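Trainee: If you number the sequence shown the way my numbering does, the last residue is 325 and the count never jumps. Just so you know, even glycine gets a beta-carbon here, dropped at the ideal spot from N, CA and C. Just so you know, these numbers come straight off a predicted model, no measurement behind them. My structure is below; once you've seen it, I'll send some questions.
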Amino acid sequence: MADMVFKYSAMNGGKTLNILQTVHSYEENNFKVIVVKSIKDTKGEDTIISRNGMGRKVDILLKENESLLTEANYKKYYTAKVILVDEVELLNETQIKELWMIAHLINVPVLCYGLKSNFKGDIFSDGIAQIFAIADHIEEIGSSSLCRCGKKAIFNARKENDKFTDEGPCIVIDDGTKKEYEYVSLCSDCYLKYVKIGSDEAKKLANLVDKIK
Numbered sequence: 113m114a115d116m117v118f119k120y121s122a123m124n125g126g127k128t129l130n131i132l133q134t135v136h137s138y139e140e141n142n143f144k145v146i147v148v149k150s151i152k153d154t155k156g157e158d159t160i161i162s163r164n165g166m167g168r169k170v171d172i173l174l175k176e177n178e179s180l181l182t183e184a185n186y187k188k189y190y191t192a193k194v195i196l197v198d199e200v201e202l203l204n205e206t207q208i209k210e211l212w213m214i215a216h217l218i219n220v221p222v223l224c225y226g227l228k229s230n231f232k233g234d235i236f237s238d239g240i241a242q243i244f245a246i247a248d249h250i251e252e253i254g255s256s257s258l259c260r261c262g263k264k265a266i267f268n269a270r271k272e273n274d275k276f277t278d279e280g281p282c283i284v285i286d287d288g289t290k291k292e293y294e295y296v297s298l299c300s301d302c303y304l305k306y307v308k309i310g311s312d313e314a315k316k317l318a319n320l321v322d323k324i325k
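Right, here's the structure in full:
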């Protein structure tokens, strides 16, 4: 049977571009490809769009609590050569389990792309926790996402009105219209320096350092 694979990176790591390249490779050889994304991702509406402007209309725009196991959705993917999921962190636990079952019961590979953590430094969602639990393979996408210092970025930080913050709702889509929000990819050191430096844990450690000095 086929597998479900989770491919992740920090923001700007080339996830959507990777999907589009995969779509091209399959379709160039006349294979049927199904692209899925959550309706929560309002950027591009029914299209996935990479930062270089390339795009592809999705085949299934999944509603918040919509099942992938409906007859209408099944007719779309049962003859597919591969199913590609963009921004998989926006799917819920049940949808993740359904993708896993589709891979193993229908023998269609499912490649899921997304973020592992949110701007607070926590697992992004219950859906991501579920995919870590059951994915057959978990892969990091290269090291193309770089921090401002030049090191590899692994955190997704949020700036609100040009100031770093770890407070607020988890999901605010970067659709280019919410000018007060900006997302920045940071390495561990810079995430601690710019985002977590004012946290209770950081202050506690700073006090210990001062005492030892």
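Which same chain residues end up closer than 6 Å to L129 when comparing Cβ atoms and leaving out the 5 residues on each side of it in sequence?
Mentor: Locating residue 129 in the sequence shown gives position 17, where the first residue counts as 1. Excluding residues within five positions, the ones whose Cβ falls inside 6 Å are S162.
Trainee: Might you give, ordered along the chain, the residues of its own chain that have their beta carbon closer than 7 Å to the beta carbon of E292, omitting 5 neighbours on each side?
Mentor: Along the sequence shown, one-based indexing puts residue 292 at 180. Taken in chain order, the residues that qualify are E272 and N273.
Trainee: Answer yes if the stretch 256 to 265 comes into contact with the stretch 143 to 157, meaning at least three C-beta pairs across the two stretches below 8 Å, and no otherwise.
Mentor: With a cut-off of 8 Å, the stretch 256 to 265 and the stretch 143 to 157 do not count as touching, because too few Cβ pairs lie within range.
Trainee: Is the beta carbon of E201 sitting closer than 8 Å to the one on I240?
Mentor: For this step, residue 201 is matched to residue 89 along the sequence shown. For this step, residue 240 is matched to residue 128 along the sequence shown. Cβ distance < 8 Å, so E201 and I240 count as in contact.
Trainee: What runs of the beta strand (DSSP E), each 3 residues or longer, lie entirely inside the stretch 137 to 200?
Mentor: Taking only runs of at least 3 residues, the beta strand (DSSP E) segments lying wholly in the stretch 137 to 200 are 145 to 150, 159 to 161, 167 to 169, 172 to 174 and 194 to 198.
Trainee: Whole alpha helix (DSSP H) runs in the stretch 206 to 281 with 4 or more residues, listed along the chain?
Mentor: Counting only runs of 4 or more, we get 238 to 246.
Trainee: What residue does the beta strand (DSSP E) around Y303 start on, and which one ends it?
Mentor: Here the question's residue 303 lines up with position 191 in the sequence shown. No beta strand (DSSP E) holds Y303; the alpha helix (DSSP H) holding it covers S300 to Y303.
Trainee: Go through its chain and collect everything with a Cβ distance to I266's Cβ below 7 Å, but skip five positions before and after it.
Mentor: Translated into positions along the sequence shown, residue 266 becomes position 154. Closer than 7 Å at the Cβ level, and outside the excluded window around I266, lie A122, C299 and S300.
Trainee: Mind checking which residues open and close the beta strand (DSSP E) that includes V117?
Mentor: Residue numbering aside, residue 117 sits at position 5 when the sequence shown is read from its first letter. First-last of the beta strand (DSSP E) with V117: M116 to Y120.
Trainee: Can you tell me whether G226 is buried or exposed? The criterion is at least 16 other CB atoms within 10 Å of its CB, across all chains shown.
Mentor: Counting from one through the sequence shown, the residue named residue 226 turns up at place 114. It is buried - the Cβ of G226 has at least 16 other Cβ atoms within 10 Å.
Trainee: Which whole-angstrom value is the C-beta distance of E210 and L181, which I expect to be below 8 Å?
Mentor: The count along the sequence shown starts at 1 and reaches residue 210 at position 98. The count along the sequence shown starts at 1 and reaches residue 181 at position 69. That belief holds up - the Cβ atoms of E210 and L181 are roughly 6 Å apart, short of 8 Å.
Trainee: What is the C-beta distance between L196 and V148, in whole angstroms, given that I count them as a contact (C-beta under 8 Å)?
Mentor: Along the sequence shown, read from residue 1 onward, the residue named residue 196 stands at position 84. Along the sequence shown, read from residue 1 onward, the residue named residue 148 stands at position 36. Indeed, because the Cβ distance is near 7 Å, the residues count as touching under 8 Å.
Trainee: Going along the chain, which residues of its own chain have a beta-carbon closer than 8 Å to the beta-carbon of L217, five neighbours each way excluded?
Mentor: Along the sequence shown, one-based indexing puts residue 217 at 105. Closer than 8 Å at the Cβ level, and outside the excluded window around L217, lie M113.
Trainee: Using C-beta distances below 7 Å, list every residue in its chain close to Y138, excluding the 5 sequence neighbours before and after it, in chain order.
Mentor: Against the sequence shown, residue 138 aligns to sequence position 26. Correct list, in chain order: V145, K193 and V194.
Trainee: Determine the direct distance from the alpha carbon of F143 to that of C282, and round the result to whole angstroms.
Mentor: By one-based count along the sequence shown, residue 282 stands at place 170. By one-based count along the sequence shown, residue 143 stands at place 31. Each residue's alpha carbon lies about 37 Å from the other.
Trainee: I think I246 touches W212, with their Cβ atoms under 8 Å apart; what is that distance to the nearest whole Å?
Mentor: Counting from one through the sequence shown, the residue named residue 246 turns up at place 134. Counting from one through the sequence shown, the residue named residue 212 turns up at place 100. Yes, they are in contact, since the Cβ atoms of I246 and W212 sit about 5 Å apart, within 8 Å.
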